[in-house]
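Numbering (our numbering), first residue to last: 23 to 180.
Backbone N, C-alpha and C define an ideal beta-carbon position, used for all residues, glycine too.
Please read all numbers here as calculations on a predicted model, not as lab measurements.
I have placed the structure first, in the form of structure tokens, so that the comments after it can refer back to it.
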Amino acid sequence: MMGADKHKNSFFIKDMLGLSSSNESSLKDRAMDALAWAGAADLCDLSPSELTYPDSKRVAMARALVMQPKLLLLDEPAAGLGQDEIDTLAKLIKDLKRKCAILIVEHHVDFVSHISDEVYVLNFGKVIASGSFETVKRDPAVVAAYLGTDSDTHGGAL
């Protein structure tokens, strides 16, 4: 239920007397629904230190969903994951795209190709290309910045 505080109505006296359980029950239901969505309902009784790295990523996605964001920012969500976990994460993100806008910073190109509607490529903080993944991956500026050019590898005196 961590992460749902913005939706919790807090009334000091009711909270002290334990009378605000319906609000907490609703949040708990939403949290459990989000964990089930992320395939992590079986993890609800574990402490964060007991979670594997891939499980912690799924729990974080569920926690974000409980907040009902309009825009979700994800910083390298595929980092440190194996291919099976990346595939699972891609499915979650594709499903989540129907609920909110998502901005992802990611270097895992295959992952980006499967989940993105629009891609922006930055080089030293400047946008050098934007559009569909297929368009951007062929952009000469992107190829030069990330793969180099023949003159970069074969230029100059031998």
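Taking each of Phe133, Gln105, Ser69, Asp117 in turn and checking the Cα distance to Met83, the smallest one comes out for Asp117. DSSP places Leu65 outside any beta strand (DSSP E), giving it a letter other than H or E. 8 Å or more divides the Cβ of Val131 from the Cβ of Val158. Looking at the DSSP output, Leu144 shares a beta bridge with Val149. At a Cβ-Cβ threshold of 8 Å, His136 and Ala112 count as neighbours. Using a Cβ-Cβ distance cut-off of 8 Å, the region 58 to 66 and the region 88 to 102 are not in contact, since fewer than three pairs of beta carbons, one from each stretch, lie closer than that value. Annotation for Asp109: the continuous alpha helix (DSSP H) segment containing it runs 105 to 118.
Closest option to Thr110, judged by alpha-carbon separation, among Phe133, Arg120, Ile126: Phe133. The secondary-structure analysis by DSSP pairs Ile137 with nothing; it has no beta-bridge partner.
The closest CA to that of Asn145, considering only Leu103, Glu107, Val164, Thr74, is found on Val164.
Rounded to the nearest whole angstrom, the C-alpha separation of Val149 and Glu46 is 44 Å.
The closest CA to that of His129, considering only Arg52, Tyr168, Ser78, is found on Tyr168.
In the DSSP assignment, no residue is bridged to Leu169. For the options Gln90, Val143, Val81, Glu107, the alpha carbon positioned closest to that of Lys119 is the one of Gln90. The continuous alpha helix (DSSP H) containing Leu87 extends over residues 75 to 88. Residue Ala56 holds the alpha-carbon nearest to the alpha-carbon of Leu87 among Ala56, Pro99, Leu114, Lys79.
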